[in-house]
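Working notes, structure below.
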Amino acid sequence: MRKVGIAGVGHTKFGRSEVSLVDMLALAALEALDDAGIRTGRRHGVDQVFVASMGAGILNRQSSVASALVDTLNLQPAMAETVENGPASGASAVKLGYMAIASGMCDVALVVGGELMRVVTGWEATDFVATMLHPDAEYAYGLTLPAFAGMFTRLYMDKYGVTEKDLAMVAVKNHEHAMHNPVAHIQLVPSFHAIIEDEDAPVINPYVAEPLRVYDVCPVSDGAAAVVLCAMDLADRFRKKPVRIAGIGQATDTHVVAEREVPTDLLAVRLAAQRAYAMAGLKPEDIDVAELHDAFTILEIAISEEAGLFPKGEGHLAVRRGETRVGGRIPINTSGGLKAKGHPLGATGVSQIVELVRQLRGEAGGRQVEGARHGLAVNFGGFGNNVVATILSKEE
Amino acid sequence: MRKVGIAGVGHTKFGRSEVSLVDMLALAALEALDDAGIRTGRRHGVDQVFVASMGAGILNRQSSVASALVDTLNLQPAMAETVENGPASGASAVKLGYMAIASGMCDVALVVGGELMRVVTGWEATDFVATMLHPDAEYAYGLTLPAFAGMFTRLYMDKYGVTEKDLAMVAVKNHEHAMHNPVAHIQLVPSFHAIIEDEDAPVINPYVAEPLRVYDVCPVSDGAAAVVLCAMDLADRFRKKPVRIAGIGQATDTHVVAEREVPTDLLAVRLAAQRAYAMAGLKPEDIDVAELHDAFTILEIAISEEAGLFPKGEGHLAVRRGETRVGGRIPINTSGGLKAKGHPLGATGVSQIVELVRQLRGEAGGRQVEGARHGLAVNFGGFGNNVVATILSKEE
Amino acid sequence: MEPGMYAYRCTACGKLFHPARAVCRECGGREFEAVPLEGEGTLLTYTRVYALPEGYMKPWLGFGIVEFPNGVRVSGQMNTEDLAVGMKVRATVGTVKEGVGRDYYGFIFEKAAQA
Amino acid sequence: MEPGMYAYRCTACGKLFHPARAVCRECGGREFEAVPLEGEGTLLTYTRVYALPEGYMKPWLGFGIVEFPNGVRVSGQMNTEDLAVGMKVRATVGTVKEGVGRDYYGFIFEKAAQA
Ligand SMILES: [Zn+2]
Ligand SMILES: [Zn+2]
């Protein structure tokens, strides 16, 4: 199989966009093309464009967004498709870019994920996100992602002894990381005392979906992220040495959350990670830095276990020991994660890859993980019913 | 590059669906799995599912439809993504299935396209389809696909002498073909005299977007179509000899229709077809049967020219000579085409491939093209701004 | 009319599903018979949600996952404030969402009467 | 306030675009200056549409593609019933669609006064 790498990365400031969806995608794309050293114009050499977006239709009433992006960037006659896999759309698009190049049909693919969410109210955004649940058995009940995360958290607390304080530690850690990431949505570290210990904590940090509180849940953000994928045999064409995509794994689980045999397991995460490790020829111990889909703080803990970084039920102990912060044994969500960097759905999977590339290149500034050689990203679609794990490796 | 074929096909009756989007997709998928001889259940062997849908979000307020399809078919842990490229979503999904297998990451991929459109009024459907146009320079004006098709037709008539009667001949031909296709939406042949020559023709067949009339425009249909793709090296696993995907070509053109340098050209069709021929090592003369995207009758004529089947400006002459009907030199839209079979957007590109497979297998019944060995499909996204051409070849 | 709620039993292997599926996960079968889901069940987990989606005119709503004696697990709304993991609940069917032009029916669980 | 309508000139190579783009197709440049699109143009093609999308309270509407003297081509609504390919039209800016909470402005072409 032809080897595939990442030659360029781009990322808008997550938060509130001043520009349209397509213009926002274009900003991230141009940064990635520049980073790769690709000159825009007639001889651009981009063969394929993938756009990851979950809400272009529902939120922005726009279709064929990938074609629109090709147009504003004038990348014709590049092929173009929009890809949707819920909140894992971004990693799915990167996977498709990988396949496009590995198949030999393309040499260079531009993958851009983005979501313009703040054009609707928070209630509408919550409803929009819930459209990924089962239409009859879940969505029609008013069930939402926070609702399932809350019910999952309760089981996790009862079974493994995770506490609300553990969750708050994850939140504070990720907000601390985000202070070193200029593109993060939230640039402010909450005080652990204020959000969990103080008598006013229930006011400052009220419950959203018991036992999850506001600070356990990612904000609603606009944003876009982009990567330029290339065949490794063409690495010389680009400005920087490409970071290699060493492994990709993906798996689906039951759509209906209530049906999961062991409700505290995230089988799709486990299987996706196993497949990615197998493809990369690596083990969890080889991973130096990880971006894990912390749409809710509990998910960072649960995913870190299912991905093999810690034994099942012990992820929160690693958080308590500080192992998952920058400087710890295996730093998680150095970018700030979804929690603090923000979670523009279609952008997130691509944004995770952007962060890993910056870490493996040594470009991560104040949040740099020293000597990082292998990075893992886990992008979580549905309530864990379609999960993509990606492993990047620094080429020596 | 690993060779890829089509081992099974499935197709719902186009028209009005009695079931939900996902259940409709499942019907087509199961027919294709059965056709391939794949047993459902734990050992299904399907590695990847692609769903093509343009309107799942806007029309049906549902996301992550590919994961939902995996769930109802219990194809876990198969990977799954939804793909959108406007009315060319179907051919794009087939392309991605091709890449998935050619890359070596998958052996078997299920590709299902479908659209549930008749849940909204015709006005809403027209507006929905227009969301693929440029948001500011086109969509905001109330411009629609029929509007651009009408303006294109006027130019074509002035430049090449195409007449309203030529267009009606295309319509009647495709309705005649559809009479032999049990899954076609419209099972009724209009009288050429009644729709174009009779004094009541303006009433029976009024203008929709001058100079296009009702009988120049495809109906609004629900429907789904499915194909099972496989690596040709695994052909022995399946019930029938796979039909090979010999070539795929795709190209984008300017999003904004007014900007096209020669407004009667469809450059993306030309380039997509050229790329597909080059990959297949075939010429237009080698094509025995073609499914061309006749969302409007004029498009069948224009696409037949850009795909090299006739010289530019002479497609209508071939129609007059009867060359494009079953029994003619190069039968076009033997399935009935979008015009008579119906055009459930996401389904169409897959449906075209289904028809070609049936033709190349010799399973096309009353519409069979004798001895067909090579088939061409052209699936047209936007008003020609993202076009996919696919060539299938019968393996001897 | 409020429809009943059902599980679907694979006629080939007997495995139960809710909601309906096209194919049995266990044996690949495609025929199912409807089995009423009613009576008492056990609450496996629950939450109270304060940020409801569009269309709900309430400050909060309780949700839970309930296991019926036949092993089928379902999600539903909770019509009681007094919630605990492991408690017995009784299934009722009611309007879970008021839609435009149609209402949506589903499970609304109540605290079971003491045995 | 009804905004004016513009073409965008690549400051590197001079090529004109409408609507705005992020990158010049000709030279790859990324800086553009706005050039008013106004006055007379030539109607290249047109149609009258009888099946309008949601939101239009009219039985039909005319549309056309117009070329300005600087070579820029745009789509717009036609505010005249008397249409012919090649005729001179005058660009005006008006409400092309009434949206919820905002209106959309764009080209509405009228028959040019005789010279
Ligand atoms: Zn069974
Ligand atoms: Zn320029």
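Protein chains in written order, with the working numbering: chain L, 4 to 399; chain D, 4 to 399; chain F, 5 to 119; chain V, 5 to 119.
Where is the CB? At the ideal position from N, CA and C, for every residue including glycine.
Per DSSP, the unbroken beta strand (DSSP E) holding V/Pro40 starts and ends at Phe36 to Pro40. In this structure, F/Ala16 has its CB closer than 7 Å to one or more heavy atoms of ligand 1.
C-alpha of D/Gly117 to C-alpha of D/Met27: approximately 8 Å in a straight line.
Contact annotation: in the stretch 258-274 of chain L, residues whose CB is within less than 9 Å of a CB in chain F are Val259, Val260, Ala261, Glu262, Arg263 and Pro266. Flagged as an interface residue toward chain F: D/Thr75, by a C-beta distance shorter than 8 Å. Against chain D, the CB of F/Ala26 has a partner CB under 8 Å away; the residue lies at that interface. The beta-carbon of D/Glu167 is placed no less than 8 Å from the nearest beta-carbon of chain V.
Between the beta-carbon of L/Met135 and that of F/Ile69 there is about 18 Å, and that puts the pair past the 8 Å contact cut. The stretch 291-299 of chain L makes no contact with the stretch 47-55 of chain F, as fewer than three CB pairs between them are under 8 Å. In the displayed model, D/Ala298 falls within coil according to three-state DSSP, outside both helix and strand. With a minimum length of 4 residues, the unbroken runs of alpha helix (DSSP H) contained wholly in the stretch 198-277 of chain D fall at 204-207. Take the alpha-carbon of D/Glu308 and the one of L/Lys243: they are about 44 Å apart. Our two residues, L/Leu359 and L/Glu398, have alpha carbons roughly 13 Å apart in a direct line. Counted as a single uninterrupted DSSP element, the alpha helix (DSSP H) harbouring L/Asn177 occupies residues Glu167 to Ala181. Cβ-Cβ separation between F/Phe72 and F/Val93: approximately 10 Å, too far for a contact (criterion under 8 Å). Taking the Cβ atoms as the reference, L/Ile189 lies roughly 13 Å from L/Ile198, outside the contact range of under 8 Å. With contact defined as three or more Cβ pairs closer than 8 Å, the stretch 364-380 of chain L and the stretch 16-36 of chain L are not in contact.
Closest option to L/Val122, judged by alpha-carbon separation, among L/Ala212, L/Gly226, L/Leu113 and L/Asn177: L/Gly226. Judged by DSSP in its simplified three-state form, D/Thr129 adopts helix. Around the beta carbon of V/Cys17, fewer than 16 other beta carbons sit within 10 angstroms, so the residue counts as exposed. Interface annotation for the stretch 28-48 of chain F against chain D: Cys28, Arg29, Glu30, Cys31, Gly32, Gly33 and Arg34, criterion Cβ-Cβ distance under 9 Å. Secondary structure of D/Thr147 (DSSP, three-state): coil. For L/Glu141, the three-state secondary structure derived from DSSP is coil.
By the neighbour-count criterion, in which 16 or more other beta carbons inside 10 Å mark a residue as buried, D/Asp161 falls on the exposed side. Taking the Cα of V/Asn74 as reference, the smallest distance to any Cα among V/Ala117, V/Met9, V/Met91 and V/Leu20 is reached at V/Leu20. Under DSSP, F/Gln81 forms a beta bridge with F/Phe67 and F/Ile112.
Chain-order list of chain F residues neighbouring D/Asp26: Ala26, by C-beta distance under 8 Å. Contact note: D/Glu127 reaches chain V through Glu58, using a C-beta cutoff of 7 Å and chain order. Non-local beta-carbon contacts of D/Pro266 in its own chain, meaning distances under 6 Å to residues more than five positions away in sequence, involve Leu158 in chain order. Look at the stretch 43-67 of chain L: the residues with a C-beta under 7 Å from a C-beta of chain V are Thr43 and Gly44. Within the same chain, Cβ atoms closer than 8 Å to the Cβ of V/Pro23 are found at Tyr12, the five residues on either side in sequence being excluded. With respect to L/Pro149, L/Leu72 sits apart: the two C-beta atoms are not nearer than 8 Å.
If you ignore the 5 residues before and after D/Lys286, its C-beta comes within less than 7 Å of the C-beta of Tyr280, all in its own chain and listed in chain order. L/Gly153 belongs to the set of residues whose beta carbon lies under 8 Å from a beta carbon in chain F. For D/Ser20, the closest of D/Ala275, D/Val223, D/Phe299 and D/Met235 by C-alpha to C-alpha distance is D/Val223. In the DSSP assignment, F/Tyr12 forms a beta bridge with F/Phe21 and F/Ala38.
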